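Numbering (the numbering used here), first residue to last: 53 to 296.
Quick look at the structure:
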């Protein structure tokens, strides 16, 4: 079953409790889940949070939205993903994070369609980032998630889930989904209050739901000053070899 795991936590070092901060009357997590639910290919969505008491609020809100919750290690996030995928028999696994409220369901479905070709172990937007930060998806086969879970030994790999896969890209068939135009200077990820302000403006000015990247770009073309709101976000680019 094609299943989506939404990685969520309250204890963000840069912006505490960001997943439950309000965009309008609804919090970031509401938008994350609503956007994902517009996917035509995802069969089930589960929020994966930690066993820490601080994350009880995430479980409570997700259940309010009738979304199931899996709870696991706060530090070994790779194990959390693996155990969640195993419990729900997800294969492939669509991995997203709960600080990206504007993830485009059409782009997510494009990644899933590529995975369904059977030619790849993983589809990602991460190796060479050309989409805006916050338009992010990994589609991972259960087989390589299991291999990563079994073989990852570095704490960094356990915490961030995919580094083992990407750092061993010669062992796996990885396809990087590339946007025709490099939009990596735009940021939709909620890391700071300025990011929250930026997304609030977008959600207010675009009434159509789901909020699609093409509609955001039309808005920015009309109101380029919006990009000034959070233009100083940090961004890391990866230049690992991409399998064509």
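No residue lacks a Cβ here, since even glycine has one placed at the ideal position from N, Cα and C.
Just so it is clear, the structure is predicted and the values come from calculations on it, not from any experiment.
Considering only the beta carbon of each residue, do residue i and residue j sit closer than 8 Å?
i: residue 58; j: residue 153; result: no
i: residue 86; j: residue 54; result: no
i: residue 248; j: residue 242; result: yes
i: residue 184; j: residue 218; result: no
i: residue 71; j: residue 173; result: no
i: residue 267; j: residue 201; result: no
i: residue 119; j: residue 148; result: no
i: residue 226; j: residue 180; result: no
i: residue 61; j: residue 128; result: no
i: residue 140; j: residue 117; result: no
i: residue 126; j: residue 105; result: no
i: residue 224; j: residue 263; result: no
Am I right that residue i and residue j are in contact with their C-beta atoms under 8 Å? What's the rounded C-beta distance?
i: residue 145; j: residue 255; result: Between residue 255 and residue 145 the Cβ distance is about 28 Å, and since that is not below 8 Å, they are no contact.
i: residue 133; j: residue 100; result: 6 Å
i: residue 271; j: residue 258; result: 6 Å
i: residue 56; j: residue 88; result: 6 Å
i: residue 98; j: residue 121; result: 7 Å
i: residue 283; j: residue 66; result: With 8 Å as the limit, residue 283 and residue 66 do not qualify as a contact, their Cβ atoms being about 17 Å apart.
i: residue 246; j: residue 160; result: Wrong, their Cβ atoms sit about 26 Å apart, outside the cutoff.
Which of the three DSSP states, helix, strand or coil, is assigned to residue i?
i: residue 254; result: helix
i: residue 111; result: helix
i: residue 278; result: helix
i: residue 287; result: Residue confidence is low: residue 287 scores 49 on pLDDT, short of 50, so the model does not pin down where it sits. Its coordinate-derived value is still stated next. If DSSP states are grouped into helix, strand and coil, residue 287 belongs with coil.
i: residue 103; result: coil
i: residue 157; result: helix
i: residue 121; result: strand
i: residue 66; result: coil
i: residue 239; result: strand
i: residue 59; result: strand
i: residue 226; result: strand
i: residue 97; result: strand
i: residue 116; result: helix
i: residue 90; result: coil
i: residue 207; result: helix
Nearest by alpha-carbon distance to residue i: which of the options is it?
i: residue 213; options: 89, 169 and 191; result: 191
i: residue 68; options: 93, 110, 278 and 130; result: 110
i: residue 228; options: 171, 131 and 205; result: 171
i: residue 265; options: 64, 187 and 117; result: 187
i: residue 177; options: 199, 73, 230 and 166; result: 230
i: residue 251; options: 208, 155 and 123; result: 155
i: residue 63; options: 77, 107, 92 and 73; result: 107
Give the DSSP bridge partners of residue i, in chain order.
i: residue 190; result: 147 and 176
i: residue 170; result: Per DSSP, none; premise fails for residue 170.
i: residue 79; result: 74
i: residue 185; result: 239
Nearer than 7 Å: is that true of the beta carbon of residue i relative to any heavy atom of the ligand ATP?
i: residue 175; result: Among the ligands in the structure shown, none appear at all, so the ligand ATP cannot be discussed.
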